[in-house]
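Undergrad: Chain order of the listed sequences is A and B. With the first sequence counted from 1, adding 2 to any position gets you our numbering. With the second sequence counted from 1, adding 120 to any position gets you our numbering.
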Amino acid sequence: QKEVEQNSGPLSVPEGAIASLNCTYSDRGSQSFFWYRQYSGKSPELIMSIYSNGDKEDGRFTAQLNKASQYVSLLIRDSQPSDSATYLCAVDDYKLSFGAGTTVTVRA
Amino acid sequence: DTAVSQTPKYLVTQMGNDKSIKCEQNLGHDTMYWYKQDSKKFLKIMFSYNNKELIINETVPNRFSPKSPDKAHLNLHINSLELGDSAVYFCASSQDEGNEQFFGPGTRLTVL
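Quick look at the structure:
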């Protein structure tokens, strides 16, 4: 079983819609959870971190964590063409383990 | 000011050669990392150093040797390069283990 699994993409959404990204992880002891955005040919860029159960909002981004279900998600509201990128879920136990990424395309 | 920098940005070399990639961070972080991102875009940790000490050494061939001369620098030396080493190598740093990590621009290594 992979340590971190993300919903398979690619995900295509119209401009202005909500993009929903999901991630599950296998290690119940994980304490830190991150979402990174990676544009093609660029390095991963941290967009959200979440450490406790519940929701965390930052601008158009909302991260949700449910440790009991070993589930973390990212919602992108009012999606813009500039949000088109690959989104990587990362979970920290003793090291940062990344999911394979979900590629999001926002259609203008 | 670049927070995490790497040199070179591109590296094209022949099989069997030895090459090095350098990384520097000016964030004052204690922990630095090397990651490999393969052609399928999967990002995997190779090494982690905390205050110049090796703390994570994933299953990486002995041909890869990291060196941390001080806590702001983490270099990666690769001996006897193979075709399968072709990938993008990212350096990253964090304040401490478990904290948010910040990535450098990456080094695209192509082995011919």
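Using N, Cα and C, we set each Cβ at its ideal position, and we do this for glycine too. All values reported here derive from a predicted model rather than from experimental measurement.
1. From this set, GLY148(B), LYS160(B), TYR155(B) and PHE162(B), which residue's C-alpha is nearest ASN171(B)'s C-alpha?
2. Here's the rule I'm using: 16 or more other beta-carbon atoms within 10 Å means buried, otherwise exposed. How should ALA160(B) be labelled?
3. Give me the residue from PHE210(B), GLU202(B), LEU203(B) and GLY204(B) with the minimum Cα distance to PRO186(B).
4. Identify every run of the beta strand (DSSP E) within the region 172-230 of chain B, keeping only runs that are complete inside it and at least 3 residues long; order them along the chain.
5. Could you name the residues that DSSP lists as bridge partners for GLU17(A)?
6. If I'm right that PRO46(A) touches PHE223(B) with Cβ under 8 Å, what's the distance once you round it to whole angstroms?
7. Whose Cβ in chain A lies nearer than 7 Å to the Cβ of GLU144(B)?
8. According to DSSP, simplified to helix, strand and coil, what is SER125(B)?
9. So with CB distances below 9 Å, who are the chain A contacts of GLY224(B)?
10. What in chain B is Cβ-close to ASP94(A), meaning under 7 Å?
11. Going by DSSP, what residue range makes up the beta strand (DSSP E) through TYR38(A)?
12. Ignore the nearest five residues each way along the sequence and tell me which others in PRO16(A)'s own chain have a CB closer than 8 Å to its CB.
13. Which residue's Cα is closest to the Cα of LYS139(B): ARG228(B), THR227(B), LEU201(B) and ALA212(B)?
TA: Inspection of the coordinates gives the following:
1. By 1-based counting over the second sequence, the position of residue 171(B) is 51. Ranking the options by Cα distance to ASN171(B), first place goes to GLY148(B).
2. Sequence index remark: in the second sequence, residue 160(B) carries index 40 (1-based). First, the amino acid is wrong: residue 160(B) is Lys here, not Ala. Flag for LYS160(B) reads exposed.
3. By one-based count along the second sequence, residue 186(B) stands at place 66. Considering only alpha carbons, the answer is PHE210(B).
4. 173-177, 184-190, 193-198 and 207-214
5. Here residue 17(A) corresponds to residue number 15 of the first sequence, with the count starting at 1. Answer by DSSP bridge pairing: none, since GLU17(A) is not bridged.
6. Locating residue 46(A) in the first sequence gives position 44, counting from the first residue. Locating residue 223(B) in the second sequence gives position 103, counting from the first residue. The Cβ separation is near 5 Å, so the contact holds.
7. Your numbering for residue 144(B) matches position 24 in the second sequence. In chain order: nothing, as chain A lies at least about 15 Å away.
8. In the second sequence, residue 125(B) corresponds to position 5, counting from 1. Correct three-state label for SER125(B): strand.
9. Here residue 224(B) refers to the residue found at position 104 when the second sequence is read from its first residue. Within chain A, the residues near GLY224(B) are SER45.
10. By 1-based counting over the first sequence, the position of residue 94(A) is 92. Under the 7 Å cutoff, chain B gives GLY218.
11. One-based indexing of the first sequence puts residue 38(A) at position 36. Its beta strand (DSSP E) spans residues 34-40.
12. By one-based count along the first sequence, residue 16(A) stands at place 14. Counting only Cβ-Cβ distances below 8 Å, and skipping sequence neighbours, we find SER81, VAL108 and ARG109.
13. The residue given as residue 139(B) occupies position 19 in the second sequence. Measuring from the Cα of LYS139(B), the nearest candidate turns out to be LEU201(B).
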